[in-house]
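Here the structure is laid out as structure tokens; the discussion comes afterwards.
Residue numbers (the numbering used here): 7 to 204.
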């Protein structure tokens with residue numbers, strides 16, 4: 007039976023880097039942010055987002071992500087509203103993806119808001135990826151066209167590393183990538199031993 011790993015971490019923690027490492031090891035990985043962007047192009051989702059945030063949030067079929075981020079990361083109620091539209095659609099998409107990958111021993115669902123959204127309840131194992139805030143900010147500044155203030159707002163809109171770790175089965179400190187990969191390998195050994203025992 008397929009075990010589902012919920013992989014989480016705040017913005018800039020390196021959770022997607024860890025997800026890619028797991029994929030290199032042959033484990034199918036569903037990256038919820040990537041898939042959510044695809045889901046947000048579905049007509050029913052577009053209609054719901056336009057209804058909630060106004061038609062100008064889209065330019066044709068293209069979502070104005072900068073404008074949407076300014077709205078939702080400054081107002082928790084608006085973020086909750088967006089999540090109530092997108093999360094159910096992503097959940098259905100993941101269910102279809104999981105059916106296509108059911109022959110695998112392990113699969114991974116990667117999401118920054120695994121605990122905040124409550125989706126962690128759907129997984130067999132949870133792993134939190136952590137890194138100090140200053141490292142996370144630097145990573146995001148290097149990766150994205152954004153400001154330090156915007157990054158801090160996004161960090162503050164998510165759970166803290168301490169909260170994630172307290173709810174997770176395992177945690178990975180991702181300051182040095184090679185050390186983080188070694189932690190992943192150790193976790194996989196434990197999971198495979200447990201899988202063989204059951």
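Yeah, the Cβ is synthetic: ideal placement off N, Cα and C, and Gly gets one too.
Original post:
Rounded to a whole number of angstroms, what is the C-alpha to C-alpha distance between residue 28 and residue 156?
Top reply: 29 Å
Subject >> For residue 134, the three-state DSSP class (helix, strand or coil) >> reply: strand
**OP:** Enumerate in chain order the residues of its own chain whose CB-to-CB distance from residue 59 is below 7 Å, with the five nearest sequence positions on each side excluded.
**Re:** Hits under 7 Å: 74, 77.
Original post:
For the putative contact between residue 32 and residue 142, defined by C-beta atoms under 8 Å, what is the C-beta separation to the nearest angstrom?
Top reply: 28 Å between Cβ atoms; not a contact.
Original post:
CA-CA distance, residue 190 and residue 24?
Top reply: One C-alpha to the other measures close to 8 Å.
Subject >> Span separating the alpha-carbon of residue 64 from that of residue 112 >> reply: 37 Å
**OP:** Report the rounded CA-to-CA distance for residue 38 versus residue 115, giving the unit in angstroms.
**Re:** Spanning the two alpha carbons is a distance of roughly 7 Å.
Original post:
Can you round the beta-carbon distance between residue 173 and residue 121 to whole angstroms, since I take them to be within the 8 Å contact cut?
Top reply: With 8 Å as the limit, residue 173 and residue 121 qualify as a contact, their Cβ atoms being about 5 Å apart.
**OP:** Alpha carbon to alpha carbon, how far is residue 153 from residue 79? Give it in angstroms, no decimals.
**Re:** 13 Å
Original post:
Who are the near neighbours of residue 186 in its chain, counting only those whose CB is closer than 6 Å to its CB and skipping five residues on each side?
Top reply: 178, 180
Original post:
Short check: CB of residue 193 to CB of residue 176, under 8 Å?
Top reply: yes
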